[in-house]
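Per the numbering used here: the sequence shown ends with 488, consecutive numbering throughout.
Glycine residues also receive a C-beta, built at the ideal position from the N, C-alpha and C atoms.
Quantities reported herein were computed from a predicted structural model and do not represent experimental measurements.
Following: one structure in structure tokens, then a few remarks.
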Amino acid sequence: MGWLSQSLNSSIGKKFVMAVTGISLILFLIIHLLNNLSMYLGPETYTALVKSLDGIKPLIRVIELVLALVFVFHIFNGVRLWLENKKARPGKYAVNGSVKNSTLFSRTMIQTGSIIFIFLVIHLNTMWYSFNFGEAHATHDYYYFVAEAFNSNIIYSLFYIFAMIVLGFHLNHGFQSAFQTFGWNHKKYFPLIEKIGFLYSLVMAIGFASIPVYFLFFYGGN
Ligand code: HEM
Numbered sequence: 267m268g269w270l271s272q273s274l275n276s277s278i279g280k281k282f283v284m285a286v287t288g289i290s291l292i293l294f295l296i297i298h299l300l301n302n303l304s305m306y307l308g309p310e311t312y313t314a315l316v317k318s319l320d321g322i323k324p325l326i327r328v329i330e331l332v333l334a335l336v337f338v339f340h341i342f343n344g345v346r347l348w349l350e351n352k353k354a355r356p357g358k359y360a361v362n363g364s365v366k367n368s369t370l371f372s373r374t375m376i377q378t379g380s381i382i383f384i385f386l387v388i389h390l391n392t393m394w395y396s397f398n399f400g401e402a403h404a405t406h407d408y409y410y411f412v413a414e415a416f417n418s419n420i421i422y423s424l425f426y427i428f429a430m431i432v433l434g435f436h437l438n439h440g441f442q443s444a445f446q447t448f449g450w451n452h453k454k455y456f457p458l459i460e461k462i463g464f465l466y467s468l469v470m471a472i473g474f475a476s477i478p479v480y481f482l483f484f485y486g487g488n
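Here it is as structure tokens:
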């Protein structure tokens with residue numbers, strides 16, 4: 267197993283882990299967004315959908331565990347790469363005019379990632395906990411729980427919206443960066459990957475943020 271940890275600890279290995287975990291999270295977000303958008307189909311549909319997942323609870327638990335590991339690897343490696351970069355360039359962007367070769371999105375991956383991490387902790391503590399063990403689990407009123415959570419707490423909703431914009435920033439660089447790591451940086455096709463990445467980030471940010479916006483401003487309470 268020495269070869270495995272050696273490969274994963276090399277610079278290329280760490281970038282590879284970032285790309286694989288990043289793409290896994292990108293795919294997970296698509297499924298998560300589709301699930302969230304089903305709220306627009308109304309309380310009955312959404313609650314029925316969440317209840318139907320009860321039938322495959324053991325599978326859901328395994329998926330959650332894998333997802334938690336993916337997040338841990340992604341965050342751990344991201345922080346390590348950031349620390350290494352900092353050590354290699356103590357003069358912050360002073361070397362080789364790297365500001366010119368980078369974008370605001372690429373330079374702020376650790377900051378946007380940290381905000382997403384804080385969001386994640388709060389999100390798990392409110393939504394995930396309540397759906398699995400708390401109030402929403404007890405009442406089975408999943409739709410109303412979410413509606414009330416956003417409708418009754420403007421600070422929570424605004425932070426959620428802010429975090430989704432930040433997520434869009436992280437994804438805008440992350441998407442193309444992952445493809446670059448896999449070697450898909452052909453001069454001819456890379457602009458297309460950048461465009462798809464931008465579109466994906468926009469759809470994710472607007473799609474996720476639209477739910478608190480809806481419940482904050484357009485929800486009548488019944
Ligand atoms: C749903 C959440 C997230 C998604 C979808 C996501 C996605 C990605 C993707 C696709 C990349 C590009 C990987 C590559 O360069 O090959 C990336 C890079 C990065 N992510 Fe995330 N990420 C998420 C959450 C986080 C969190 C919570 C952190 C916490 C610190 C984080 C920190 C980083 C850092 C520092 C990088 C840049 C690494 C480097 O290349 O130097 N990410 N992310």
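Please classify residue i: does DSSP put it in a helix, a strand, or coil?
i           : result
residue 298 : helix
residue 452 : coil
residue 373 : helix
residue 271 : helix
Exposed or buried, residue i, counting other C-beta atoms within 10 Å across all chains shown (16 or more means buried)?
i           : result
residue 287 : buried
residue 417 : buried
residue 485 : exposed
residue 426 : buried
residue 301 : exposed
residue 369 : exposed
residue 409 : buried
residue 316 : buried
residue 271 : exposed
Excluding the 5 residues preceding and the 5 following residue i in the sequence, name in chain order all residues of the same chain whose CB lies nearer than 7 Å to its CB.
i           : result
residue 473 : 299 and 303
residue 326 : 319
residue 470 : 295, 299, 433, 434 and 437
residue 459 : 442, 445 and 450
Considering only residues of the same chain and omitting the five flanking positions on each side of residue i, which have a CB-CB separation below 8 Å?
i           : result
residue 401 : 411
residue 447 : 281, 282, 284 and 285
residue 311 : 304
Leaving out five residues before and five after residue i in sequence, what residues of the same chain have Cβ atoms less than 6 Å from its Cβ?
i           : result
residue 371 : 435, 438 and 439
residue 430 : 471, 474 and 475
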